[in-house]
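Chains as they are written, first to last, in the working numbering: chain G, 1 to 341; chain W, 1 to 341; chain P, 1 to 341; chain H, 1 to 341. For every residue, glycine included, the Cβ atom is placed at its ideal position computed from N, Cα and C. Reading through the structure tokens given below for one structure.
There are 4 protein chains.
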Amino acid sequence: MLNFVNDYSEGAHEKILQRLLETNYIQTAGYGEDEFCREAAEKIKAAFSCPDAEITFLAGGTQTNQIVISTLLRPYEGVIAAESGHVSLHEAGAIEYTGHKVMALPGHDGKLDAGEVDAFVRTFYADENHEHMVFPGMVYISHPTEYGTLYTRAELTALHEVCKSHGIPLYMDGARLGYGLAAPDTDLCAADFASLTDVFYIGGTKVGAMFGEAVVFCGIPRPAHFTAQVKQHGALLAKGRFLGLQFDVLFTDGLYEEISRHAISCAEKLRAAFHDKGYRFYIESHTNQIFIILENAQMEHLSRSAAFSFWERYDENHTVVRFATSWATRAEAVDELAALL
Amino acid sequence: MLNFVNDYSEGAHEKILQRLLETNYIQTAGYGEDEFCREAAEKIKAAFSCPDAEITFLAGGTQTNQIVISTLLRPYEGVIAAESGHVSLHEAGAIEYTGHKVMALPGHDGKLDAGEVDAFVRTFYADENHEHMVFPGMVYISHPTEYGTLYTRAELTALHEVCKSHGIPLYMDGARLGYGLAAPDTDLCAADFASLTDVFYIGGTKVGAMFGEAVVFCGIPRPAHFTAQVKQHGALLAKGRFLGLQFDVLFTDGLYEEISRHAISCAEKLRAAFHDKGYRFYIESHTNQIFIILENAQMEHLSRSAAFSFWERYDENHTVVRFATSWATRAEAVDELAALL
Amino acid sequence: MLNFVNDYSEGAHEKILQRLLETNYIQTAGYGEDEFCREAAEKIKAAFSCPDAEITFLAGGTQTNQIVISTLLRPYEGVIAAESGHVSLHEAGAIEYTGHKVMALPGHDGKLDAGEVDAFVRTFYADENHEHMVFPGMVYISHPTEYGTLYTRAELTALHEVCKSHGIPLYMDGARLGYGLAAPDTDLCAADFASLTDVFYIGGTKVGAMFGEAVVFCGIPRPAHFTAQVKQHGALLAKGRFLGLQFDVLFTDGLYEEISRHAISCAEKLRAAFHDKGYRFYIESHTNQIFIILENAQMEHLSRSAAFSFWERYDENHTVVRFATSWATRAEAVDELAALL
Amino acid sequence: MLNFVNDYSEGAHEKILQRLLETNYIQTAGYGEDEFCREAAEKIKAAFSCPDAEITFLAGGTQTNQIVISTLLRPYEGVIAAESGHVSLHEAGAIEYTGHKVMALPGHDGKLDAGEVDAFVRTFYADENHEHMVFPGMVYISHPTEYGTLYTRAELTALHEVCKSHGIPLYMDGARLGYGLAAPDTDLCAADFASLTDVFYIGGTKVGAMFGEAVVFCGIPRPAHFTAQVKQHGALLAKGRFLGLQFDVLFTDGLYEEISRHAISCAEKLRAAFHDKGYRFYIESHTNQIFIILENAQMEHLSRSAAFSFWERYDENHTVVRFATSWATRAEAVDELAALL
């Protein structure tokens, strides 16, 4: 059965497994105080042109969002996010669990609009009763978004300017950052994220790692006693070496970019096939996720030979489904699915 | 200067102060374990026809919402509320502070629609990824709403049915319940709230008390060890007698209804005056709050002789303002304001 | 029946009730933004010789401890307190509810020892794994303590020095501060608390008010957006005027001191009676609480004519009980109890 | 340099790495809904003779303690633990972060005494003011303890009885459970933990896994919507397969027991060497941790050739240090260290 359900269905890139084997008996310090983590951080700083950044490795996306947001916000602040943002909808209330409100603004194909964010913050401060309200303390975006769309350089710059003007950090969730960087239609390069956000994370889990996300504090310092706070969240891995090792491999000889390009190339081929066969696209995007509106009987039929994700109901007779490619997608699987359409 | 800013500008009803003086040297147990509280609870149960209800007295509205919601929700649940609900907007994140999401649905003149609540809960359970989402665990409404509007018996019954069908409690914030009960156009009486909600509170602070709200658990039991939980929230008053005493007075000889009717009668007179002079109403309501759209220069002018609340910007040249009457509003003040218009 | 159970059994001082009546129809702003609060704050600053202090009024002791501690601590910090401290034992976990550990050190008649606090903090920082531990972020003391004992000026100075040397604030719970100030054997005066602590609160509930505590930030600034944080804790009273009014009365013409002296004079008389009759004291203290070890049969007997508090089991045959006097204790009641002994 | 610093210095057992390679391209469902997890759970249920248990895999020890404790406790409850317990001291306040108090009782070589736990709970309920205190809602023990000591079957049975009698669950932290099972002097076997606790976890991180702990709900059901709660804590691994896979390998053909026995055999050899050379033991224990009191100069000297852990200051001139063996300890390293002593 063909499987395009998501980008975390397989294990990890072989070079990572290979390196696990090679380094297995090296004895290291625990909790991220090892050579692998140091090495990986250096490589990331080079790749993103941010020599002064501070980098911490965490295990997963929700964990990263929860820790970054809750350690940066003051107790009386909330985080602004798109209604469709991962922190708004699909993290089981992990942000609220730490005591903070997610202040949802309308998304535009999953993206926040800088002008709307600005207006929201201005309206807040203009309200004479704002001490009875949650203070907007941070802006959360994802890139690519949950719909696979991308901010343009102009859009990201505008958001960054708005955040700077209000003195609040801009945080970017890059769970699929590799696929954003490799997209054919992006005008943003790695260094841009370090200069146009205050903190962002580079997703490993969905881009070839077993697990792991690299948090990059580029525009603001890492919160005080961050190790203690990570520990307090139950997120400090004893064998932190595995986080470092994986990012070390991914950022050696451009592996992260290379495998991301592979996923995009598979997605583009698939996208062309859907297009040729007259399928309706739910959203225009050029990263590794393809959102298609299927007539329900057609969906039923297709699901016998290929696995994909249910996204949402479109109407009585149609459903939005998602096909995801990844670093691990086989070229033959793409061809087979294309043939099936 | 005439003052219609809100319904908590004055002290407390004289009968309450009188009773304070009479009972001052009686020695009682602390923390709500006194005769006054027991007596008040009995009177409330009689007034709302709920002999089996369990009643606890708390000091203020946000405190009450925070404690009721956080003690009834399970950790993985959130509370559904209208976007304009007090818990959504004007409690400084007090619900999120306890770890729970406020799930805001569109309000209709401040009210939730039973069908929309039902659809929201159904959509949640239909989503196969709902374990990654916040569970809808409770419905919060206010009556009167923040816009002074009222649920009809049919609307409240429908909401109650939806909640029952999903096994989640319906909680009603009655900060201004007296003014709702006394409204000329309501078809809901006191006993209805006890039978059509699972828990509600009777507002004292805005209806003649110094402070105090009476929480009535009518459809579900009071949470286990509620005293301990109130204490844990920092909300257990040592001299709980003052809470009991005030509600005892308010629910003796129909005082609560009587002073509420006074406020409504003042509001209706004022409403008629606004109407006669051709003012635009922002919202149709018949409780103690009147929302008027003023041209900005007119607002400026009026504000020299009368105090009222800024509510929200309407457009470039207009503003929504609020005039509130209360148990303490003087008839002459109403006449003077009417003359000014 | 004679009642010496506690110091919050009666209502409030008559002058407070009188002032309630006089000012009842004055219209004021809500939420503590009124003249009464401003006036009371000025009087307190004068009484405690701290013209630059910032003052906020809250409703009760546990609420005050919870808010002061949780708004001053950073997320990774805990508060040091005596094992017998109110925050350690008798607040139903209100501090932990806000996410912070109470780090209990041994108490000496209810008091913390400066040297032991210093050693505790030094040991923490000396531990190379302290990033895996809770950071000591604040010191909590009560004065009088839960055992009615008092710090000497030398002891308080030493604690203050230790806190300064570690850069952490010293916070003093003054739920019964009046009784401490009026004690015959104290060498601390009002101004000392403002110079030897960073923040303290002046208890109203147990010293003649209906409710209310005045928090004085004397050595550190009040936390940012404190009103919003108080609101977020559900503790912002709509009619904040009542808090201001009560402290205004208490700090007019030395009323707070006067009624405190009355309680102490009653306690000293009672203490002398216990002493004369050969009763065993559980602890030496000269404030308004008297701790006596009673043989169980004797306790049984005495409890038929007088009410007092069970404190703790002493041994098989003896029990520690507490007799409390207050601003409201009648001289005749003291004589009657003395006669009973 | 010889390294006996801890039991998580190396990578993972080779069979785990081997299996990673073999299964890498198998496509599985995410979030623990995969075959590996199901398989591993079955093997664990067989190994611990608890066919009806419910099992969840988590990434690390502090995370596991935080999630198990916070999801089982009611909001007004705390967890009883030894003063030296990991949750009391070395988890950076992770339990308090979730709103719950750790109620520390004296440890006896790291162990709780059943009688003392019983007395503590009884005293709590006997206190008429216990609604103002934290309710004891759970007992936490570690086995082996933080000092490497072990409960006997009689001790564990007694604790279990006490917990049952008070209706609160007994939770056992088995971060090093393998080493406890393999100890020469234990009278507890795998099945005992399933029958004498309500929930326990089997440590993987310190016993040959890259990461991972298996939580076994044996005496009580797994909390409702546990997946959602794990997600809410930021602890739901997308590629949950890696957790299942590792435990599958560890519980195939007795690998977990085998590698634990190896560590114990190394430790016993080392222990004999220390004994023969006249070193002072700080604590008597027979698991994989050895606590030795070294004269400071001796410590200095030894640290030039071997790495070990500083544990605590013993006195002016002596220090307690820890030597840990593990599944990865080389026999030659043991011999070399023995020769060095």
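Assuming the contact rule is C-beta atoms closer than 8 Å, residue i and residue j should be a hit. Round their C-beta distance to whole Å, please.
i: W/MET103; j: W/ILE141; result: No, W/MET103 and W/ILE141 are not in contact; Cβ-Cβ is about 13 Å, not under 8 Å.
i: H/ILE16; j: H/VAL216; result: Incorrect: roughly 20 Å between the Cβ atoms, too far for contact.
i: H/PRO184; j: H/GLU268; result: 7 Å
Could you confirm whether any beta carbon from chain W is found closer than 7 Å to the beta carbon of residue i?
i: H/GLN229; result: yes
Counting only beta-carbon atoms, is residue i nearer than 7 Å to chain H?
i: G/PHE378; result: For chain G, the structure presents residues 1 to 341; residue 378 of chain G sits outside this window and is missing.
i: G/PHE226; result: no
i: W/TYR76; result: yes
i: G/TYR201; result: no
i: W/GLN232; result: yes
Whole angstroms are fine: how far does the CA of residue j sit from the CA of residue i?
i: W/GLY174; j: W/LYS101; result: 21 Å
i: G/LYS231; j: H/ALA29; result: 29 Å
i: H/GLN229; j: G/PRO75; result: 22 Å
i: P/GLU300; j: P/GLN289; result: 20 Å
i: H/THR145; j: G/VAL87; result: 38 Å
i: P/TYR256; j: P/THR23; result: 20 Å
i: W/PHE308; j: H/VAL68; result: 52 Å
i: P/LEU72; j: W/GLU213; result: 29 Å
i: H/ILE220; j: H/LYS277; result: 48 Å
i: H/HIS225; j: W/ILE168; result: 16 Å
i: W/GLY32; j: P/PHE135; result: 37 Å
i: H/THR123; j: H/GLU77; result: 15 Å
i: H/PHE251; j: H/ALA41; result: 9 Å
Taking 7 Å as the threshold (C-beta atoms), are residue j and residue i in contact?
i: W/GLY115; j: W/LEU150; result: no
i: W/ALA328; j: W/ASN6; result: no
i: H/LEU196; j: H/LEU237; result: no
i: H/GLY234; j: G/GLN66; result: yes
i: G/GLU131; j: G/PRO106; result: no
i: P/PHE211; j: P/ALA59; result: yes
i: G/PHE188; j: G/ARG222; result: Here the sequence assigns Leu to residue 188 of chain G, which means Phe is not the residue at that position. No, they are not a contact pair.
i: G/CYS37; j: G/GLY244; result: yes
i: G/ASP118; j: G/VAL162; result: yes
i: H/ALA25; j: G/GLU258; result: Note on identity: in this sequence residue 25 of chain H is Tyr, with Ala being the wrong assignment. Cβ atoms of H/TYR25 and G/GLU258: not closer than 7 Å.
i: P/ILE292; j: P/HIS318; result: no
i: H/LEU170; j: H/ASP192; result: no
i: G/ALA47; j: G/ALA190; result: yes
i: H/LEU2; j: H/ALA331; result: no
i: P/ALA53; j: P/LYS45; result: yes
i: W/TYR282; j: W/VAL320; result: yes
Relative to the C-alpha of residue i, which residue among the options is closest?
i: W/PHE274; options: W/GLU83, W/LEU170, W/LEU340; result: W/LEU340
i: G/GLU39; options: G/THR56, G/ALA209, G/TYR25; result: G/THR56
i: W/GLY110; options: W/ASP127, W/GLY148, W/MET1; result: W/GLY148
i: P/ARG19; options: P/MET1, P/ALA209, P/PRO169; result: P/ALA209
i: W/GLY295; options: W/THR62, W/GLY219, W/ARG330, W/ARG313; result: Inspection of the sequence shows that residue 295 of chain W is occupied by Glu rather than by Gly. W/GLU295 has its Cα closest to that of W/ARG313, out of W/THR62, W/GLY219, W/ARG330, W/ARG313.
i: G/ARG176; options: G/PHE310, G/GLU336, G/THR287; result: G/THR287
i: G/PHE247; options: G/ARG271, G/LYS206, G/CYS266, G/ALA272; result: G/LYS206
i: G/THR227; options: P/GLU128, P/ARG304, P/LEU159, P/HIS262; result: P/GLU128
Measure from the C-beta of residue i to each C-beta in chain G and report whether the shortest distance is under 7 Å.
i: H/THR205; result: yes
i: W/LYS101; result: yes
Residue i CB to nearest chain P CB: under 7 Å?
i: G/GLU131; result: yes
For residue i, is the beta carbon positioned less than 6 Å from some heavy atom of the ligand MN?
i: P/ASP7; result: For the ligand MN, the structure offers nothing, since it holds no ligand at all.
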